[in-house]
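A short write-up of the structure that comes next.
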Amino acid sequence: MKPTLQGIAASDGIAIAKVYTLTEPDLTVTKVTVEDSEKEVSRLDDALAASIKDVELIKETALKNLGEEEAQVFDAHLMVLSDPELIGQVKDSITSNKVNAESALKEVTDMFISIFAGMEDNPYMQERAADIRDVSKRVLAHLLGVKIPSPATIKDEVIIVAADLTPSDTAQLNRQYVKAFVTDIGGRTSHSAIMARSLEIPAIVGTKEVTSIAKDGDIIIVDGLSGDVFLNPSEEVIAEYRAKAEAFAAQQAEWEKLKDSKTYTKDGHQVELAANIGTPKDLEGVVNNGAEGVGLYRTEFLYMDSHEMPTEEDQFEAYKAVLEGMNGKPVVVRTMDIGGDKELPYLPLPHEMNPFLGYRAIRISLNEPEMFRTQLRALLRASVYGKLRIMFPMIATLNDFRGAKALLEEEKAKLIAEGVAVSDDIQVGIMIEIPAAAVLAHQFAKEVDFFSIGTNDLIQYTMAADRMNERVSYLYQPYNPSILTLIKHVIDSAHKEGKWAGMCGEMAGDQTAVPLLVGLGLDEFSMSASSVLKTRSLISKLTLSDMQALAAKAINECATVEEVEALVAEAVSKI
């Protein structure tokens, strides 16, 4: 049987379950004059009560899955649902204007949203606008009798089907019930795909039309290994995929045996396999998958999961938890990478035509030195609890790096003067994601302690192709000879100065790219924790000298990405 749909295999695994569609309902409101105002007030009270029950359940699930800090947003939602001023105005509108509950609710909440959203100098009040918007949708849905889906309320084994999943949607997924997800849009490097790999659930993205053909309750098979989707398959196909799922589980059990091993090629060349994390909660997956360190700790989630700027103490506790949890293994912490598609309600950023190439990451940090100093102090204080490596993102020029390092040195000197213990063995490096930095790597290597290549951005910037744009996503080519040439220059430049070079982009765990990266001399590979054991197994079958010859041939003799893929496929088939 041919698959119903094909998409991009974004997270390994096979799942079979019922469809759960995660779609925005139609909340169109029609204003109606009513005779019985008391009945409308009663309908409103019922909808509020039902919404409170929903939010309490979501909060309970969020507490269990995500922790206390992330669940706090639902306390604000509960406050809105019982706010006497807001609810009182809705009821007054119903009785005085003789209108239905839906239109009164929408009119009043739209007014509050408009007022609070317009308070540009008060981030706290702007956040209240977002809370009212979310809550009013939920109450409206109950009044209109339509379902407003919430991943946190799922209590049956399902596969989510959605146009796309936001990071907050994905963060609410409980892997006990959500067995996989399929989306219309997205790529392997989209936030939802990366989080699926962290949750270790199968995912297929970029199918273009799954939401238009899948309905709630349909049986669906998701093959996260091939990108195939089957809707309402025959019993024979279900049996075939149950067998495939068992075979994949057996393969995972084999990989599990490598959990406590170091990573060596067949001829004894050692590399380091690390994992990417977003919060201290991700450490469990890092340890369970046998990673030899954390190659990328994305600290922006500390900022995104808070309603206000995280304090030095908040950050210190988070960094300390990760360093202690890794028991002396290295932890590369990337300083705040806000901007692009990651916004903060309490840090107003200018509207930009192209925010990914605009005011973001180190550019914000250098322009907001007090905010940056707070993060640096927290990192420096935490450094005595493990093996800390600090990495600055979005570095384009040597002056960017020098400016950031100068602030770090100033804060270090201040802490020592205050009698605060700071490690004397902190490596300071940069993320190579801007082509200008990659081309000038031989100069950067004289001043940094390490490089970590962020291929997600390096590739899209080099190819001038937005990786999230379906029309040009074919240009997101990790194995293009031009990309491989840039990577080789970065690694060679580091080695010439006695420094190490790592990679924290998704390419580091890409099974086609790994043989090439071994041959190019990459020292550290950092990836989703779920990819570590699979990659360790592959590297153990490779011979360094053969991979060096493979990489040289790919760069010097191949002209297209297709030629490189064929070259690697042939080489891997012989191992």
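Just remember that our numbering sits 933 ahead of the position in the sequence shown, which is counted from 1. For glycine and all other residues, C-beta sits at the position ideal for the given N, C-alpha and C.
Tell me which residues share the same chain as residue i and place their Cβ nearer than 7 Å to its Cβ, disregarding the 5 neighbours each side in the sequence.
| i | result |
| --- | --- |
| residue 875 | This structure gives no information on residue 875, because the portion of the chain shown stretches from 934 to 1508. |
| residue 1371 | 1365, 1391, 1419, 1422 and 1423 |
| residue 1048 | none |
| residue 1353 | 1314 |
| residue 1486 | 1500 |
| residue 1164 | 937, 1146, 1147, 1151 and 1153 |
| residue 976 | 1034 and 1076 |
| residue 1320 | 1261, 1262, 1263 and 1264 |
| residue 1411 | 1388, 1392, 1440, 1443 and 1446 |
| residue 1106 | 1084 and 1132 |
| residue 1188 | 1466, 1467 and 1470 |
So is residue i buried or exposed if we call it buried at 16+ other beta carbons inside 10 Å?
| i | result |
| --- | --- |
| residue 1407 | exposed |
| residue 965 | exposed |
| residue 1148 | exposed |
| residue 890 | Nothing about residue 890 can be reported from this structure: the residues present for the chain run from 934 to 1508 only. |
| residue 1061 | buried |
| residue 1389 | buried |
| residue 1376 | exposed |
| residue 1258 | buried |
| residue 1015 | exposed |
| residue 1507 | exposed |
| residue 1284 | exposed |
| residue 1237 | buried |
| residue 1578 | One cannot answer for residue 1578 here, as it falls past the ends of the chain, which runs 934 to 1508. |
| residue 1226 | buried |
| residue 1203 | exposed |
| residue 1017 | exposed |
Taking a contact to mean a Cβ-Cβ separation below 8 Å, would you say residue i touches residue j in this structure?
| i | j | result |
| --- | --- | --- |
| residue 953 | residue 1162 | no |
| residue 1395 | residue 1373 | no |
| residue 1270 | residue 1233 | yes |
| residue 1096 | residue 1144 | yes |
| residue 1310 | residue 1348 | yes |
| residue 944 | residue 1066 | no |
| residue 1266 | residue 1252 | yes |
| residue 1196 | residue 1205 | yes |
| residue 1387 | residue 1442 | no |
| residue 940 | residue 1220 | no |
| residue 1461 | residue 991 | no |
| residue 1113 | residue 946 | yes |
| residue 1110 | residue 1090 | yes |
| residue 1510 | residue 1200 | The chain is shown from 934 up to 1508; residue 1510 falls before or after that span and cannot be answered. |
| residue 1125 | residue 1098 | yes |
| residue 1385 | residue 1228 | yes |
| residue 1170 | residue 934 | yes |
| residue 1306 | residue 1344 | yes |
| residue 1369 | residue 1329 | yes |
| residue 948 | residue 1092 | yes |
| residue 1282 | residue 1255 | no |
| residue 962 | residue 1036 | yes |
| residue 967 | residue 1039 | no |
| residue 1383 | residue 1338 | no |
| residue 1117 | residue 1140 | yes |
| residue 1137 | residue 1350 | no |
Taking 6 Å as the limit between beta carbons, can you name the residues of its chain near residue i, skipping five residues before and five after?
| i | result |
| --- | --- |
| residue 1452 | 1480, 1481, 1483 and 1484 |
| residue 974 | 1024 and 1027 |
| residue 1166 | 1154 |
| residue 1192 | 1223 |
| residue 1494 | 1410, 1412 and 1413 |
Among residues of its own chain, excluding the 5 on either side of residue i, which ones have a beta-carbon nearer than 8 Å to its beta-carbon?
| i | result |
| --- | --- |
| residue 1409 | 1120, 1122, 1392, 1393, 1396, 1398 and 1400 |
Taking 7 Å as the cut-off, is the beta-carbon of residue i closer than that to any non-hydrogen atom of the ligand SAH?
| i | result |
| --- | --- |
| residue 1184 | In the structure on display, the ligand SAH does not appear, and there are no ligands present to speak of. |
Going residue by residue through the region 1428–1498, where are the continuous beta strand (DSSP E) segments of at least 3 residues, counting only ones entirely within it?
1433–1436 and 1457–1460
Touching or not, the region 1067–1074 and the region 977–987, by the rule of three or more beta carbon pairs under 8 Å?
yes
Under 8 Å, with one C-beta from each stretch per pair, do the region 1464–1473 and the region 1237–1256 reach the 3-pair mark?
no
Could I get the ranges of all uninterrupted beta strand (DSSP E) runs contained in the region 1298–1384, with 3 residues as the minimum, in chain order?
1320–1325 and 1360–1365
Segment contact, 8 Å Cβ cut-off, at least three pairs: the region 1420–1428 with the region 1444–1463
yes
Which complete beta strand (DSSP E) runs does the region 1089–1148 hold, if anything under 3 residues is left out?
1091–1095, 1111–1116 and 1136–1138
Which ranges would you report for the beta strand (DSSP E) in the region 958–989 if only whole runs of at least 3 residues count?
none
Entirely within the region 1192–1254 and at least 3 residues each: give me those beta strand (DSSP E) ranges in chain order.
1203–1210 and 1227–1231
Does the region 1076–1088 come close enough to the region 945–960 that 3 or more CB-CB pairs lie under 8 Å?
yes
Would the region 1322–1331 and the region 1347–1363 be scored as touching if the rule is three or more Cβ pairs under 8 Å?
yes
Take every Cβ of the region 1256–1265, pair it with every Cβ of the region 1298–1305, and state whether three or more of those distances are shorter than 8 Å.
no
Please give the ranges of any alpha helix (DSSP H) in the region 1140–1190, keeping only runs that are unbroken, at least 4 residues long and fully inside the region.
1143–1146 and 1168–1189
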